[in-house]
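In the UniProt record's numbering, the protein residues as written are 1 to 637.
Where is the CB? At the ideal position from N, CA and C, for every residue including glycine.
Predicted model, so just to flag it, every value in this text is computed and none were measured.
First comes the structure, then the notes that go with it.
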């Protein structure tokens with residue numbers, strides 16, 4: 001960079017500024033050196049350089065917040081709830097502190113709820129997220145209720161803002177998220193199909209009835225029904241001007257009014273050479289531009305080609321489970337494989353799985369029906385050398401022992417077959433908890449420790465282990481350091497939770513809890529350990545410790561009048577908190593009236609007159625440190 005400054009009179013100064021942009025890929029710690037040169041033909045000393053000016057490149061630790069919002073649905077009905085998801089991300093390299101997200105409630109809606117303590121005030125929901133670390137993401141949710149009288153077609157727009165003083169780009173808004181209120185008068189087409197018979201002979205005609213209904217509140221215009229001719233059949237006829245082209249029958253029904261139904265019929269001819277046991281499946285589709293749900297299909301309608309003669313076959317069944325052991329509450333998948341090992345189709349196959357006590361049926365695939373603890377699959381046919389596999393998922397409810405699950409397969413042309421799974425053993429654990437306190441006597445205002453030790457004395461791994469420790473009133477939680485796992489403390493309930501994912505057989509873990517004694521008295525503290533598995537010995541799942549909290553106090557008056565109340569000068573805590581002491585008491589003229597080494601709270605004033613006296617108490621603490629207390633004490637008689 002060159003500046004032509006012309007003439008500079010004697011004694012005059014000029015200041016120049018140069019601004020450069022540091023390359024983004026420059027490494028941390030790089031030194032940038034800059035030297036300028038001044039030259040004039042009238043300067044006898046020739047060109048002159050500036051002293052080197054060095055600048056060190058430092059790491060860029062800036063926050064860079066982003067905000068994205070999406071509605072759970074692009075449409076909503078008046079009077080229904082609408083939920084938004086808001087994702088806050090810090091894509092920078094530094095922490096973003098004091099992060100605030102604000103979201104005005106959209107016009108035409110009312111606030112319902114917000115997660116993560118989102119606060120609703122004057123039509124605005126505010127989340128105070130604190131610090132968002134670099135690379136961290138936080139998901140927020142806002143639910144509003146759409147006004148019941150909001151007109152169909154109205155657009156609900158919502159924009160949220162995120163900001164942090166650490167983000168140099170300032171507040172940021174999400175792209176507008178629009179949701180359209182649905183029109184009340186909408187069409188809702190349904191389609192149902194049924195065959196005139198559940199079976200058909202090869203070479204025979206087969207007729208389907210298709211019922212189109214509009215269960216909505218508005219008309220459906222330009223209604224089209226399409227029905228592909230099933231494989232293994234040929235088109236014969238269709239009512240209501242259904243047109244057959246390239247293997248598809250199309251009905252153009254025009255307008256179907258709200259509440260109206262139309263019945264269509266399709267007749268096909270089954271191929272003469274179609275094998276017995278073949279399933280003919282037919283699915284039709286209805287659609288209209290006025291139906292917001294789009295094209296709809298009927299449930300598959302299956303028709304079985306009849307067998308001329310049912311010939312015997314042979315099937316086998318194998319049942320397995322996906323685990324060898326489980327705990328109460330676990331889900332077990334039982335797989336049942338049925339194979340046709342014969343030369344003819346297996347007809348009307350029924351698979352029956354009666355779950356034993358200790359299991360509860362949760363789900364069955366492939367159309368399995370659950371009734372109580374009985375799961376049933378009905379299969380029209382299984383072709384020779386074909387295998388099918390069905391799965392039932394069950395929850396473990398038993399607490400001990402083992403589980404064996406059996407299955408029975410029956411049908412028209414083979415002998416019944418059954419099998420059972422290998423035993424699934426139920427896990428038992430034996431957790432032991434031991435609790436200690438660092439001192440039996442604790443001074444008010446001092447810190448001490450609880451120590452908790454948990455051990456798995458069983459041969460099985462304990463999962464979802466949790467220790468609950470309820471702190472007594474008068475003991476304040478400071479901190480807790482676990483050997484492993486996570487800690488959280490509920491100050492309202494005064495309960496500390498220590499959670500460990502797994503505790504291996506024979507493993508022991510420790511937890512130190514730092515607390516503060518706040519009030520005097522006898523304190524008792526109980527901790528309890530639990531796990532997902534059943535415990536074989538619950539007697540050692542709790543542990544209780546007790547200690548005493550007392551105050552150190554030097555009173556300034558006592559009344560040695562022989563009534564048994566306050567007759568001696570009692571210094572609370574002097575023997576508990578100090579290894580030794582030395583007491584000197586003088587009158588107002590400085591004359592010694594009482595002296596004691598290791599004072600034991602037994603001075604009753606002797607024959608001294610009522611009045612004020614002055615003390616000096618030297619103590620040696622339990623840790624060896626020394627301290628001197630001075631003051632006065634008044635004797636009242």
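So who's on the other strand from residue 393, going by DSSP bridges?
Residue 393 sits at position 393 when you count from the first residue of the chain shown. Per DSSP, the beta-bridge partners of residue 393 are 333 and 363.
So, is residue 595 buried or exposed, given that buried needs 16 or more other C-beta atoms within 10 angstroms?
If you number the chain shown from 1, residue 595 lands on position 595. That one is exposed.
Return helix, strand or coil for residue 371, following the three-state DSSP convention.
As a first step, residue 371 must be located in the chain shown, where it is residue number 371. Three-state result, residue 371: strand.
From the DSSP output, in three-state form, read off residue 575 for me.
Looking up residue 575 in the chain shown gives position 575. Here residue 575 sits in helix by DSSP.
Among residues of its own chain, excluding the 5 on either side of residue 14, which ones have a beta-carbon nearer than 8 angstroms to its beta-carbon?
Within the chain shown, residue 14 is the residue found at index 14, counting from 1. Short of 8 angstroms from the beta carbon of residue 14, and not among the five residues preceding or following it, lie these beta carbons of its own chain, in chain order: 5 and 8.
For the candidate residues 217, 538, 322 and 236, whose alpha-carbon lies nearest to that of residue 292?
As a working note, residue 292 is residue 292 in the chain shown. Of the candidates 217, 538, 322 and 236, the one whose C-alpha sits nearest the C-alpha of residue 292 is 217.
Which of the three DSSP states is assigned to residue 538 in this structure?
Counted from its first residue, the chain shown places residue 538 at position 538. Note: residue 538 maps to helix in three-state DSSP.
Per DSSP, which residues does residue 453 bridge with? Please list them.
Numbered from its first residue, the chain shown carries residue 453 at position 453. Paired residue(s): 434 and 510.
Using a Cβ-Cβ cut-off of 8 angstroms, state whether residue 567 counts as contacting chain B.
In the structure shown, chain B does not exist; there is a single protein chain.
Please state whether DSSP places residue 186 in a helix, a strand or coil.
Your numbering for residue 186 matches position 186 in the chain shown. Here residue 186 sits in coil by DSSP.
Proximity to residue 477 [Cα-Cα], best of 121, 497 and 307:
Position 477 of the chain shown, counted from the first residue, corresponds to residue 477. Per the Cα distances, 497.
Nearest candidate by alpha-carbon position, reference residue 605, set 580, 570 and 533
Your numbering for residue 605 matches position 605 in the chain shown. Minimum Cα distance to residue 605 is reached at 570.
If residue 329 sits next to residue 532, beta carbons under 8 angstroms apart, how far is it from one beta carbon to the other, in whole angstroms?
Counted from its first residue, the chain shown places residue 329 at position 329. Counted from its first residue, the chain shown places residue 532 at position 532. Their Cβ separation, rounded to whole angstroms, is 6 angstroms, which keeps residue 329 and residue 532 in contact under 8 angstroms.
Which term fits residue 326, buried or exposed, when burial requires 16 or more other beta carbons within 10 angstroms of its beta carbon?
Within the chain shown, the letter at position 326 stands for residue 326. Buried: at least 16 other Cβ atoms inside 10 Å.
Continuous beta strand (DSSP E) stretch holding residue 354: start and end:
If you number the chain shown from 1, residue 354 lands on position 354. Per DSSP, the unbroken beta strand (DSSP E) holding residue 354 starts and ends at 346-354.
Distance between residue 541 and residue 650 (C-alpha atoms, nearest Å)
In the structure as shown, the chain starts at 1 and stops at 637, and residue 650 therefore has no counterpart that could be examined.
I need the DSSP call for residue 610, collapsed to helix, strand or coil.
Residue numbering aside, residue 610 sits at position 610 when the chain shown is read from its first letter. Of the three classes helix, strand and coil, the one that applies to residue 610 here is coil, per DSSP.
Who does residue 405 pair with in a DSSP beta bridge?
Mapped onto the chain shown, residue 405 falls at position 405. DSSP lists no bridge partner for residue 405.
Please state whether the Cβ-Cβ distance between residue 109 and residue 67 is less than 8 angstroms.
Taking the chain shown and counting its residues from 1, one reaches residue 109 at position 109. Taking the chain shown and counting its residues from 1, one reaches residue 67 at position 67. With respect to the 8 angstroms criterion, residue 109 and residue 67 are not classified as neighbours on the basis of their beta carbons.
Tell me whether the beta-carbon of residue 331 lies closer than 8 angstroms to the beta-carbon of residue 405.
Stepping through the chain shown from its first residue, residue 331 is reached at position 331. Stepping through the chain shown from its first residue, residue 405 is reached at position 405. No.
Are the Cβ atoms of residue 424 and residue 402 separated by less than 8 angstroms?
The residue given as residue 424 occupies position 424 in the chain shown. The residue given as residue 402 occupies position 402 in the chain shown. For the pair residue 424 and residue 402, the CB atoms are nearer than the 8 angstroms cut-off.
Paired residues, beta bridge with residue 283 - DSSP
Taking the chain shown and counting its residues from 1, the one referred to as residue 283 is at position 283. Looking at the DSSP output, residue 283 shares a beta bridge with no other residue.
Taking 8 angstroms as the threshold (C-beta atoms), are residue 127 and residue 116 in contact?
Residue 116 sits at position 116 when you count from the first residue of the chain shown. Residue 127 sits at position 127 when you count from the first residue of the chain shown. Against a cut-off of 8 angstroms, the Cβ pair of residue 127 and residue 116 comes out as a contact.
Near residue 53, which residues of its chain fall below 8 angstroms by C-beta distance, leaving aside the five closest residues on each side in sequence?
Here residue 53 corresponds to residue number 53 of the chain shown, with the count starting at 1. Excluding sequence neighbours, residue 53 sits near 33, 34 and 35.
According to DSSP, is residue 271 part of a helix, a strand, or is it coil?
For the purposes of this step, residue 271 is taken as residue 271 along the chain shown, with counting starting at 1. Note: residue 271 maps to coil in three-state DSSP.
Just the Cα atoms here: how many angstroms apart are residue 626 and residue 537?
Along the chain shown, read from residue 1 onward, the residue named residue 626 stands at position 626. Along the chain shown, read from residue 1 onward, the residue named residue 537 stands at position 537. Going from the Cα of residue 626 to the Cα of residue 537 covers about 50 angstroms.
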